[in-house]
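Enquirer:
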Amino acid sequence: MLQTRLAPADSILPLTLTGAVAKVYGKTIAGPIDLQVTGHGTTIVLGPNGSGKTTLLRLMHGLQRVRKGSVTWALPDTQARLRQSYVFQSPIMMRRRVADSIAYPLILRGMPRKQARAKAIEWAQEFGLGAALDRPAPVLSGGEKQKLSLARALISGPDILFLDEPCANLDGRATREIETLLARAQAGGTRIVMSTHDMGQARRLASEVVFMLGGKVHETGPAQDFFNGPKTPQAVAFINGDIVE
């Protein structure tokens, strides 16, 4: 198995949100949010459509501006930005071949192009993309695109990886392959924070659950406690598949 983290002595974690608020055109879309991500494992963010799951991930990663409160890392932001990655629900493909797409984050960090491409080829093969090395990334299938996005996100060895519903548009086989890769990344030391609508996937992957509702963290805790004994009627209803407003 390929090493997924460079494992520096220090870490950008914990990640701490204190009264964090996100607004669009003056309207609050999430917050205030108080939350801390630390240690190891996989945090699954759950909640109905419009509950703020994507906004929470974007606040954490810095894609969404914090209008009030704060989002802080254990290290300065300039260092933290280089040691985290984000995978979108709809994969963003550069107009490059597969091997070059995977190598790109390493080149940005100063690795010689030849060395970066050699490492990218190893990762492509490990991620089931060995036969597609010289294919343009945009022509890949949905599952292949998501595996490419994941390889590109992990090859730099991030401390933390954010994923926004990465399996939403995939079939069962592709979902299983992505989950296997995520489990390996987590075992290799990468902290995972991921949103999903798939309750089965949440049960399979989560060590911790964050339940969002109305743009706020409604409930959070160890996955086993959340699924076996949710604290609020809204969480009970959501787990049971009922409509939650």
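The sequence shown begins at 4 in the numbering used here and counts up by one. We treat Cβ as the ideally placed atom computed from N, Cα and C, and that holds for glycine. These numbers come from a predicted model, not from an experiment.
1. Pick helix, strand or coil for alanine 10, following the three-state DSSP scheme.
2. To the nearest angstrom, report how far apart phenylalanine 230 and leucine 151 are at their CA atoms.
3. Return the bridge partner residues of leucine 49 from the DSSP annotation.
4. Taking the C-alpha atoms as reference points, what is the distance between leucine 9 and leucine 16?
5. Restricting to runs no shorter than 4 residues, where is the alpha helix (DSSP H) found entirely within the region 143-209?
6. Buried or exposed for threonine 57, going by 16 or more other Cβ atoms inside 10 Å?
7. Which whole-angstrom value describes the C-beta separation of glycine 44 and serine 159, a residue pair presumed to lie in contact below a C-beta threshold of 8 Å?
8. If you follow the alpha helix (DSSP H) that glutamate 129 is in, where does it begin and where does it stop?
9. Give the range of the beta strand (DSSP E) segment to which histidine 221 is assigned.
10. Can you tell which of Pro79, Asp228, Gly217 has its C-alpha closest to the C-alpha of proline 51?
11. By how many angstroms is the C-alpha of alanine 135 removed from the C-alpha of threonine 235?
12. Name the residue from Glu248, Gly42, Ile124, Gly22 whose alpha carbon lies nearest to the alpha carbon of proline 225.
13. Based on the DSSP output, what are the partners of glutamine 36 in its beta bridges?
Expert: Working from what's here:
1. Confidence is the limiting factor: at alanine 10 the pLDDT is only 46, short of 50, which leaves the residue's position unreliable and the question unanswerable from this model.
2. Rounded to whole angstroms, phenylalanine 230 to leucine 151 spans 32 Å at the Cα level.
3. According to the DSSP secondary-structure assignment, leucine 49 is paired through a beta bridge with Phe214.
4. The pLDDT assigned to leucine 9 is 48, lower than 50, so where the model puts this residue is not dependable; a value taken from the coordinates is nonetheless given after this. One C-alpha to the other measures close to 15 Å.
5. As far as the region 143-209 is concerned, its whole alpha helix (DSSP H) runs of at least 4 residues are 145-157, 175-190, 202-208.
6. With 16 or more Cβ atoms within 10 Å of its Cβ, threonine 57 is classed as buried.
7. About 21 Å; that fails the 8 Å criterion.
8. DSSP places glutamate 129 inside the alpha helix (DSSP H), whose first and last residues are 116-129.
9. Counting along the chain, the beta strand (DSSP E) containing histidine 221 begins and ends at 219-225.
10. When each option's Cα is compared against that of proline 51, the closest is Gly217.
11. Cα-Cα distance, rounded: 48 Å.
12. Comparing Cα positions, the closest option is Gly42.
13. Checking the sequence shown, residue 36 turns out to be isoleucine, not glutamine. Under DSSP, the beta-bridge partners assigned to isoleucine 36 are Ala23.
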